[in-house]
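Residue numbers (my numbering): 984 to 1121. The structure appears right after this line, and notes come after that.
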């Protein structure tokens, strides 16, 4: 349970940093849009991204395995971008969460956002790895 919460915090922080780096990707908090609401929106969006990535992403990766082999894994950038766009669409239906600019380059903003999100999440995960190893021993 501790590792799940830590992964959620890592993904929330990575999502926040991604919105700071890429101006076309924003987080819209639910009303009244204060700091607490913004943080809760980040956590809920990271949770939604984890569920979408785990369920739908897992199915896509199994079905598209031959394409992964043919492209030497580069198709994962496209798949992760599409999953990020799916999260943006679902959160748009909810009225709060992740929004990607609709300027004609939405797909490429999604791919770039997924790439930046993955790199930042990986870096934060490396920094916090000692905490996850200690929680496994207990």
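We treat Cβ as the ideally placed atom computed from N, Cα and C, and that holds for glycine.
(message) Tell me which residues share the same chain as residue 1009 and place their Cβ nearer than 7 angstroms to its Cβ, disregarding the 5 neighbours each side in the sequence.
(response) Excluding sequence neighbours, residue 1009 sits near 1002, 1082.
(request) Sort out for me which residues DSSP pairs residue 1028 with in a bridge. (result) Residue 1028 is not bridged to any residue.
(request) Indicate, with yes or no, if the ligand HEM has a heavy atom lying under 7 angstroms from the CB of residue 996. (result) Among the components of this structure there are no ligands whatsoever, and the ligand HEM is therefore not found.
(request) Could you work out which residue in 1102, 987, 1106 is closest to residue 1037 when comparing CA atoms only? (result) Put simply, of 1102, 987, 1106 the residue whose alpha carbon is nearest the alpha carbon of residue 1037 is 987.
(message) Tell me whether the region 1021 to 1029 and the region 1046 to 1066 touch, counting them as touching only if at least three CB pairs, one residue from each stretch, are closer than 8 angstroms.
(response) Judged by Cβ distances under 8 angstroms, the region 1021 to 1029 makes no contact with the region 1046 to 1066, as fewer than three pairs qualify.
(message) Assuming residue 1100 and residue 1060 are in contact, meaning their beta carbons sit under 8 angstroms apart, how far apart are those beta carbons, in whole angstroms?
(response) Between residue 1100 and residue 1060 the beta-carbon gap is near 11 angstroms, outside 8 angstroms, which marks them as no contact.
(request) Just the C-alpha distance for residue 1039 and residue 1085, rounded to the nearest angstrom, thanks. (result) Approximately 23 angstroms between the Cα atoms of the pair.
(message) With the cut-off set at 8 angstroms, would you say residue 979 and residue 993 are in Cβ contact?
(response) Residue coverage of the chain in this structure runs from 984 to 1121, which leaves residue 979 outside it and unanswerable.
(message) For residue 1009, list the residues DSSP reports as bridge partners.
(response) For residue 1009, which the question treats as bridged, DSSP gives the partners 1082.
(request) Tell me whether residue 1049 sits in a helix, a strand or coil according to DSSP, three-state version. (result) Residue 1049 falls in the helix class under three-state DSSP.
(message) If you reduce the DSSP assignment to three classes, tell me which class residue 997 lands in.
(response) In the structure shown, residue 997 sits in a helix (DSSP, three-state: H, G or I).
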